[in-house]
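J.: Counting with my numbering, you get residues 283 to 351 for the letters of the sequence shown.
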Amino acid sequence: MKDVVDPLLEWMKDVVDPQKRDKQAGFRQNRSCMDQIAMLRIIVEQSLEWNSCVYINFIDYEKAFDSVD
Numbered sequence: 283m284k285d286v287v288d289p290l291l292e293w294m295k296d297v298v299d300p301q302k303r304d305k306q307a308g309f310r311q312n313r314s315c316m317d318q319i320a321m322l323r324i325i326v327e328q329s330l331e332w333n334s335c336v337y338i339n340f341i342d343y344e345k346a347f348d349s350v351d
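1. Would you list, in sequence order, the uninterrupted beta strand (DSSP E) runs of no fewer than 3 residues that lie entirely inside the region 308 to 345?
2. Along the chain, where does the alpha helix (DSSP H) that runs through V298 open and close?
3. So the candidates are I324, N312, D348 and Q311; which of them puts its Cα closest to the Cα of I338?
4. Helix, strand or coil: which one does DSSP assign to M283?
5. Can you tell me which of the three DSSP states D288 falls into?
6. State the Cα-Cα distance for the pair V336 and E292, rounded to the nearest angstrom.
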């Protein structure tokens with residue numbers, strides 16, 4: 283199985299990753315949850331400084347898709 287998975291993962295890194303938006307961080311190397319929380323905090327603080335509205339929406343997709351236990 284590893285003989286099939288490793289080449290597929292390499293292909294995904296080479297072909298699929300460059301097509302992802304730069305701001306997308308989920309399941310990407312060198313991008314942590316803490317980085318995204320820090321960025322969200324900066325956005326909120328900047329909106330307060332500019333006296334502008336910011337809308338944040340969190341979506342839990344867990345129940346929308348099947349998962350493997």
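Positions of the beta carbon are idealized from the N, C-alpha and C atoms, including for glycine.
T.: Result, derived from the coordinates:
1. None, since the region 308 to 345 contains no complete beta strand (DSSP E) of that length.
2. As a working mapping, residue 298 is identified with position 16 in the sequence shown. No alpha helix (DSSP H) contains V298, which DSSP labels as neither H nor E.
3. By 1-based counting over the sequence shown, the position of residue 338 is 56. Per the Cα distances, I324.
4. Numbered from its first residue, the sequence shown carries residue 283 at position 1. In the structure shown, the three-state DSSP call for M283 is coil.
5. As a working note, residue 288 is residue 6 in the sequence shown. Of the three classes helix, strand and coil, the one that applies to D288 here is helix, per DSSP.
6. Mapped onto the sequence shown, residue 336 falls at position 54. Mapped onto the sequence shown, residue 292 falls at position 10. Roughly 38 Å between the two C-alpha positions.
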